[in-house]
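First to last, the protein sequences are chains A and B. Per the numbering used here, the very first residue in the first sequence carries number 1; after that it's consecutive. Per the numbering used here, the very first residue in the second sequence carries number 1; after that it's consecutive. Idealized CB from N, CA, C, for every residue including glycine. Structure first, commentary second.
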Amino acid sequence: MSDKSLNNDIITYATRLGDDAVVLGHRVSEWVSYGPFLEEDIALGNVALDLIGRARMFYTYAAELEDKGRTEDDFAFMRTEREYQNHLINELPRGNFANTIIRQLMVDVFNQHYLEQLRHSKDETLAAIAEKGIKETRYHLRRSRHWTLRLGDGTEESHQKIQQALEDVWGFTHELFEQDELELRLAEQGIAVKAADLKDQWLKDVTAILEEATLKLPQEEWAVRGGREGYHTEYLGQMLAMMQSVHRAYPGCQW
Amino acid sequence: MILENLELFEVFVRSKRGLDHKHVGSLHAEDHEQALEYARDVYTRRSEGVSLWVVKSRDICASQEDDSDCFFDPSDDKPYRHATYYPLPKEVGNM
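Below, the structure written as structure tokens:
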């Protein structure tokens with residue numbers, strides 16, 4: 001494989017990881033000023049900032065490799081829905097608090113194992129970003145685990161709402177472990193993480209937390225996929241329209 | 001989430017190893033564990049600390065304004081309780 005095509009593969013991979021982070025970061029940021037109470041509002045804002053910071057690092061790296069004068073902002077604000085290649089679970093609306101928490105739990109457990117592997121990537125920059133990210137993710141997981149226990153093993157209403165949120169998100173988790181040729185090529189070279197290898201441990205961890213929270217693991221067999229190919233739910237377009245509107249109206253604007 | 005269900009906690013942050021924990025403010029949380037997490041999120045966002053304590057506000061027994069006279073005033077006229085009250089022998093030099 002030529003250096004150029006390897007370079008292109010890494011650009012795409014870094015961009016995808018940036019997409020995952022910025023889309024989820026934006027969704028979590030939508031809670032700011034709507035949090036259930038002040039302390040939780042600030043905590044959610046912190047999580048959002050961690051994720052957006054992570055996206056900046058991935059995008060900046062992709063821009064460097066590409067070397068065409070684009071910046072992190074071009075990646076975040078000047079690409080269309082079809083160009084975004086995030087996992088669909090990240091773009092689902094924030095929903096109610098239970099939806100937000102259970103989605104976060106699924107992603108945090110995944111990220112914990114994913115970043116743990118990415119730390120050992122042969123690509124030093126990706127490894128360094130993972131090294132920083134894993135610490136943040138451990139804290140995110142601590143929060144989402146505690147909230148899952150609180151809501152699952154809380155009142156009848158909170159239990160019912162988070163169980164429903166779990167049913168609603170479950171079909172979006174499978175995609176996390178599926179990879180296309182490009183990612184498998186990179187995984188073979190020790191650059192990307194082989195996500196399929198993480199599934200057993202992910203399921204074990206998630207099952208243990210759900211059991212402790214008195215929640216039932218969904219049994220339904222449905223799966224939605226397509227994010228890595230640029231096929232999205234109806235929600236991403238609306239989200240991007242909101243997220244990108246200022247930058248597109250005032251290109252290059254800073255404050 | 002009803003705010004009335006939450007407890008008030010006082011937060012103490014140690015800014016560096018070797019220093020004391022200092023009171024920095026308060027917050028609402030359901031229990032100690034959650035209070036620690038919120039303390040981290042609310043009071044240490046800009047690298048303010050290396051260690052956190054949280055204490056339920058109602059567990060703190062505080063002196064009352066009314067007690068000030070008998071608690072604190074009597075020490076105002078006892079200068080001999082301060083080291084500076086005592087002249088040092090020349091041989092000791094500066095302490």
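Cβ of residue i within 8 Å of any chain A Cβ
| i | result |
| --- | --- |
| E4 (chain B) | no |
| Q34 (chain B) | yes |
| Y107 (chain B) | Examination of residue 107 (chain B) is not possible in this model, given that chain B is present from 1 through 95 alone. |
| L19 (chain B) | no |
| V13 (chain B) | no |
| A62 (chain B) | no |
| A83 (chain B) | no |
| L88 (chain B) | no |
| L8 (chain B) | no |
| H23 (chain B) | no |
Collapsed DSSP secondary structure at residue i in the structure displayed
| i | result |
| --- | --- |
| F9 (chain B) | strand |
| R14 (chain B) | strand |
| C70 (chain B) | helix |
| L141 (chain A) | helix |
| S158 (chain A) | helix |
| L215 (chain A) | coil |
| L88 (chain B) | coil |
| V246 (chain A) | helix |
| D153 (chain A) | coil |
| Q189 (chain A) | coil |
| W278 (chain A) | The requested residue 278 (chain A) does not occur in the structure, where chain A is confined to residues 1 to 255. |
| K273 (chain A) | There is no way to answer for residue 273 (chain A), as the model of chain A reaches only from 1 to 255. |
| L176 (chain A) | helix |
| R94 (chain A) | coil |
| R225 (chain A) | coil |
| Q64 (chain B) | coil |
| K135 (chain A) | helix |
| D123 (chain A) | coil |
| E81 (chain A) | helix |
| S75 (chain B) | helix |
| Y80 (chain B) | helix |
| H146 (chain A) | helix |
| H32 (chain A) | Just to set this straight, residue 32 (chain A) is Val in the shown sequence, not His. Here V32 (chain A) sits in coil by DSSP. |
| E220 (chain A) | coil |
| T207 (chain A) | helix |
| Y235 (chain A) | helix |
| E4 (chain B) | helix |
| E183 (chain A) | helix |
| E48 (chain B) | coil |
Residue interval of the beta strand (DSSP E) (run including residue i)
| i | result |
| --- | --- |
| H97 (chain B) | The question about residue 97 (chain B) has no answer here: the residues shown for chain B are numbered 1 through 95. |
| W53 (chain B) | 51-56 |
Range covered by the alpha helix (DSSP H) that runs through residue i
| i | result |
| --- | --- |
| D73 (chain A) | 72-77 |
| D50 (chain A) | 38-66 |
| Q112 (chain A) | 97-118 |
| G25 (chain A) | 3-29 |
| H87 (chain A) | From DSSP, H87 (chain A) is part of no alpha helix (DSSP H); its letter is neither H nor E. |
| H32 (chain B) | 32-43 |
is_contact[residue i, chain B] using C-beta, thresh 8 Å
| i | result |
| --- | --- |
| R138 (chain A) | no |
| H159 (chain A) | no |
| R94 (chain A) | no |
| Q146 (chain A) | Reading the sequence as shown, one finds His at residue 146 (chain A) and not Gln. At least one chain B Cβ lies under 8 Å of H146 (chain A). |
| R143 (chain A) | yes |
>> When you compare the region 41-60 of chain B with the region 13-26 of chain B, are there three or more beta-carbon pairs, one atom per stretch, that lie closer than 8 Å?
In response: yes
> Taking contact to mean at least 3 C-beta pairs separated by less than 8 Å, is the region 19-36 of chain A in contact with the region 87-105 of chain A?
Replying inline: yes
>> For the region 29-63 of chain A, list every residue whose C-beta sits within 8 Å of some C-beta in chain B, in sequence order.
In response: P36, F37, L38, E39, E40, I42, A43, N46
> So does the region 158-165 of chain A actually touch the region 101-117 of chain A, counting three or more Cβ pairs closer than 8 Å?
Replying inline: yes
> What residues in the region 40-60 of chain B have a beta carbon less than 9 Å from any beta carbon of chain A?
Replying inline: R40, D41, V42, R45
>> I want to know whether the region 53-64 of chain A touches the region 72-88 of chain A - three or more CB-CB distances under 8 Å.
In response: yes
>> Is it the case that the region 171-191 of chain A contacts the region 240-253 of chain A, given that we only count it when at least three CB pairs across the two stretches are under 8 Å?
In response: no
> Between the region 109-116 of chain A and the region 130-147 of chain A, do three or more beta carbon pairs fall short of 8 Å?
Replying inline: yes
> Are at least three pairs of beta-carbons, each pair with one atom in the region 206-221 of chain A and one in the region 149-160 of chain A, less than 8 Å apart?
Replying inline: yes
> Between the region 120-127 of chain A and the region 31-38 of chain A, are three or more C-beta pairs nearer than 8 Å?
Replying inline: no
> Do the region 79-88 of chain B and the region 22-41 of chain B meet, that is, are 3 or more Cβ pairs less than 8 Å apart?
Replying inline: no
> How about the region 22-29 of chain B and the region 65-83 of chain B: do they share at least three Cβ pairs that are nearer than 8 Å?
Replying inline: no
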